[in-house]
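First up is the structure itself, then whatever we jot down about it.
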Amino acid sequence: MRKVGRKLALISSSLAFMFTFVACSSSTTSTTSPETTAAPSQAASAAAGTGGKAVGFIFVGAKDDYGYNQAAYIGSQAVEKAFPNLKVLRSENVPETAEAERVMEEMIRNGAKIIFPTSYGHLDPALNVAKRHPDVLFYHQGGLKTAENLGTYFGTIWEPVYLAGIAAGKMSKSGKLGYIVSVPIPQVLLNVNAFEMGAKSVNPSATTTVVFTGSWCDPAQQANAANSMIDQGIDVLSQHQDCTKTVIETAERRGALSVGYHAEASVLAPKGWITSSIWNWSDLYVDMVKTGVEGKFKGSKYDGKYRGQLKDNVVQLTSFGSQVPDDVKKLVDKSKAELVAGTLNPFNGPVKDQKGAVKIEAGAKLELDKLEATDYFVEGVIGSIPK
Amino acid sequence: MNGIDIGTGAIRAGTSVLYASLGELIAERAGVVNLGTEGCMLGGALGAFAVTVWSGNPWLGALAGGISGSVLALIHAFLVITRKANALASGLTVMFFAIGLTSFLGRGFVNKQIHGFEPISIPLLSKIPFLGPLLFQHDGLTYLSMLLVPTLWFLLFKTRLGVILRATGEREEVVYTYGFSPKWIRYGAVMAGGFLTGIGGAQLSTAYTHTWVENMTQGKGIVAVALVIFAAWKPARAMLGAYLFGGAQALQLVVQQQGYEISPFLLFMTPYVITLLALFLVARKQRSQMPEGLSKVFNGAGGG
Chain A
1 MRKVGRKLAL ISSSLAFMFT FVACSSSTTS TTSPETTAAP SQAASAAAGT
51 GGKAVGFIFV GAKDDYGYNQ AAYIGSQAVE KAFPNLKVLR SENVPETAEA
101 ERVMEEMIRN GAKIIFPTSY GHLDPALNVA KRHPDVLFYH QGGLKTAENL
151 GTYFGTIWEP VYLAGIAAGK MSKSGKLGYI VSVPIPQVLL NVNAFEMGAK
201 SVNPSATTTV VFTGSWCDPA QQANAANSMI DQGIDVLSQH QDCTKTVIET
251 AERRGALSVG YHAEASVLAP KGWITSSIWN WSDLYVDMVK TGVEGKFKGS
301 KYDGKYRGQL KDNVVQLTSF GSQVPDDVKK LVDKSKAELV AGTLNPFNGP
351 VKDQKGAVKI EAGAKLELDK LEATDYFVEG VIGSIPK
Chain B
1 MNGIDIGTGA IRAGTSVLYA SLGELIAERA GVVNLGTEGC MLGGALGAFA
51 VTVWSGNPWL GALAGGISGS VLALIHAFLV ITRKANALAS GLTVMFFAIG
101 LTSFLGRGFV NKQIHGFEPI SIPLLSKIPF LGPLLFQHDG LTYLSMLLVP
151 TLWFLLFKTR LGVILRATGE REEVVYTYGF SPKWIRYGAV MAGGFLTGIG
201 GAQLSTAYTH TWVENMTQGK GIVAVALVIF AAWKPARAML GAYLFGGAQA
251 LQLVVQQQGY EISPFLLFMT PYVITLLALF LVARKQRSQM PEGLSKVFNG
301 AGGG
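Which chain is which? The protein sequence lines are A and B, in order.
Using this note's numbering, the first residue of the first sequence is number 1, and each one after it goes up by one.
Using this note's numbering, the first residue of the second sequence is number 1, and each one after it goes up by one.
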């Protein structure tokens, strides 16, 4: 019997240990080094992307997650509408593994000549499939690597996040803002920085406290984080998660304000909704498909790394919640006009990090490549980045 | 940093684990280890969420969550008690089966909105300094779990039913001699345990997060199994263990917010490390308190 106790304790602790690792590794971390992979060995007879019967979309999560995947799904609907002759093939919950390759191969067998792998981690599987099928065109979302027949595109979502920061900074009574984030990849850190800079531009003492959950979607951890932040006196919550519902609803229940991400979710927070940064992939997807089927991918702006901006309407700010006063709306609209016109650039130097070290020199102009390699928090952000 | 905040955080994050621990405790007291706890919890979370969406009544949802947990536990009970399958293998299989099944069945429920449990401030009591915010501003299922602990203690140690249940886990031949069927008592205990575990899942989906997403329990059911050992198969100590786990979750978030330069990835481990430490410190002592019948788990004959 004594032996048994030891065994049971051992088994339980090994399982607990297993989940420790799950808890620590449930993130898809990014590499930030841009590189171009080798071109496919054989030249295709026709231009990649032409002559297909279908367009394929693969999503890493569910299409109705009030988040990243929903935004991409809406874009796929626009493609469906714009190209009645093309069948739109969709696959949800496609993991970022070799499984993704299998799904893409299946789509190609079903006549797809253009495929949209929409998650960061779908890039390597897509590169493998792209090598095997030089006649198929791939548009990968959010990556930094390209190939002969694979272009990547994304949006400067930090622009609307900056604008949302202005609204949050104005609306907060305590001047303490909270940002619940997933994992420390440059995109996430950049958004936090943009939010804090927006808030600070209207309220110099505004701070943004950051909490990492270690996962793109863990509602229990998100609820813990939201509650904990509100307990500490934070009165506006924003987030960088794939599933955004829990944070918004928890804030609403506790009487805090919320700034959304990925999707318009004001219905979840009729009292506390401020605004949200969203993706508008529809027009972009349609234009990319058009470029592809016409055989004009080579040499087009999508042949490489394309970044849609606020001025291109690829990223947007949703309408404001009903309790947002007019002067705040006006302030945001003014900055929005300046961002679109290019007269306002929050990341023009000097930009200092949390310790006061200069990260972007005074007078240095905005460089998107540099922003996409952000590995620091700006002054006013409270929280530490896992190394 | 504020003690009340960490305390309330501990209760908020620990309640679902508490239900699962109490459920596992009942099953183990009757001599059956159910590593499928994680699966029962997930089943409960989805069952409760789905029924709350349909009925608009979270109490009906919680009931459905309990039943879902029970049904999954029944699979385990049948395999282990009737088919004499290895309890560890069966439990793990039930866990992975439930992870897959709930992901599949739950797809239509991702981000459905519900009117779930809301926090209820208890009049007068919630105004007591310190204790008020700590104990008396929670949702219905949390209050229920607090009442469940003494109730379960009373049932186990002060009633005839409790004696029979505990005897089944210790000396089933005695129970048999007295004219009871250890087999059916075990069935009852495993299913009752599954019911409570399912309510733990319900608390997570309908009270705490108001959300369903696949695999949302993230290992909490397994932690519950570990906590039962820490608890030496006693309800009050299971409560302590669950709140310790919840408290570690709350603490790591508060530490992150203070801006200390500690990697959040290290902090994520805190609740699990504390669970491991607790096991490390008490497991040796606890062995003498373990129901003897659990030994059968390890030779493949887990039931009466």
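All C-beta atoms in this analysis are idealised placements derived from N, C-alpha and C, irrespective of residue type, glycine included.
Bear in mind the structure is a predicted one, so any value in this text is a computation, not a measurement.
Considering only beta carbons, the part of the region 106–140 of chain B lying closer than 8 angstroms to chain A consists of R107, V110, N111, Q113, E118 and P119, in chain order. Taking 9 angstroms as the upper bound on Cβ-Cβ separation, chain B lies near residues C217, D218, P219, A220, Q221, Q222, A223, N224, A225, N227, S228 and M229 of the region 216–230 of chain A. With the criterion set as a beta carbon lying under 8 angstroms from some beta carbon of chain A, the region 38–51 of chain B has no members that meet it.
In the DSSP assignment, H240(A) forms a beta bridge with V181(A). Going by beta carbons, A206(A) and G260(A) fall outside the 7 angstroms limit. Of the candidates M197(A), K298(A), Q323(A) and Q239(A), the residue whose Cα lies closest to the Cα of G272(A) is Q323(A). Rounded to the nearest angstrom, the gap between the Cα atoms of G23(B) and L92(B) is 17 angstroms.
Under the DSSP assignment, Y139(A) falls in the beta strand (DSSP E) whose first and last residues are L137 to Q141.
The residue among L60(B), Y19(B) and L281(B) with its C-alpha nearest the C-alpha of L152(B) is Y19(B). Each residue's CA atom was taken as its position, placing L134(B) and L144(B) some 15 angstroms apart.
For I120(B), DSSP records a beta bridge to H138(B). Taken atom to atom, the span from the alpha-carbon of V332(A) to that of G233(A) is near 25 angstroms. Close to chain A, meaning a Cβ-Cβ distance shorter than 7 angstroms, are the following residues of the region 196–212 of chain B: L204, Y208, T209, H210 and T211. The beta carbons of G155(A) and V314(A) sit about 4 angstroms from each other, so the pair counts as a contact at 8 angstroms.
In the structure shown, L267(B) falls within a helical segment according to DSSP collapsed to helix, strand and coil. Residues of chain A with a Cβ closer than 8 angstroms to the Cβ of A250(B) are, in chain order, N224 and S228. In the three-state reduction of the DSSP assignment, Y302(A) falls in the coil class. By the rule that beta-carbons nearer than 7 angstroms mark a contact, L253(B) touches chain A. Taking the Cα of L148(B) as reference, the smallest distance to any Cα among L105(B), I199(B) and I120(B) is reached at I199(B).
Straight-line spacing of the CA atoms in F347(A) and K53(A) works out to 44 angstroms. Put simply, the CB of V211(A) is near chain B, with a gap under 7 angstroms to one of its CB atoms. G3(B) is classed as exposed because its beta carbon has fewer than 16 other beta carbons within 10 Å across all chains shown.
Between the C-alpha atoms of L240(B) and A231(B) there is a straight-line separation of about 8 angstroms.
Rounded to the nearest angstrom, the gap between the Cα atoms of E372(A) and I115(A) is 24 angstroms. Beyond the five residues adjoining it in sequence on each side, A167(B) comes within less than 6 angstroms, by CB distance, of V174 and V175 in the same chain, given in chain order. When secondary structure is reduced to three states using DSSP, F154(B) falls in the helix class. Within the same chain, and ignoring the five residues on either side of Q77(A) in sequence, no residue has its Cβ closer than 7 angstroms to its Cβ. For H76(B), the uninterrupted alpha helix (DSSP H) run begins and ends at P58 to A77, by DSSP. With a beta-carbon spacing of about 18 angstroms, I157(A) and S201(A) fall beyond the 8 angstroms limit used to define contacts. For A54(A), there is no enclosing alpha helix (DSSP H); the enclosing beta strand (DSSP E) covers residues A54 to I58.
The Cβ atoms of G193(B) and G44(B) do not sit closer than 7 angstroms to each other. The beta-carbon distance between H262(A) and G67(A), rounded to whole angstroms, is 4 angstroms. This is short enough to meet the 8 angstroms contact definition.
CA-to-CA, the gap between L196(B) and L105(B) works out to about 21 angstroms. Cα atoms of A220(A) and K290(A): separation of roughly 42 angstroms, rounded to the nearest angstrom. Distances from the alpha-carbon of L74(B) to those of W212(B), A207(B), R237(B) and I185(B) put I185(B) closest.
The beta-carbon of D235(A) is placed no less than 7 angstroms from the nearest beta-carbon of chain B.
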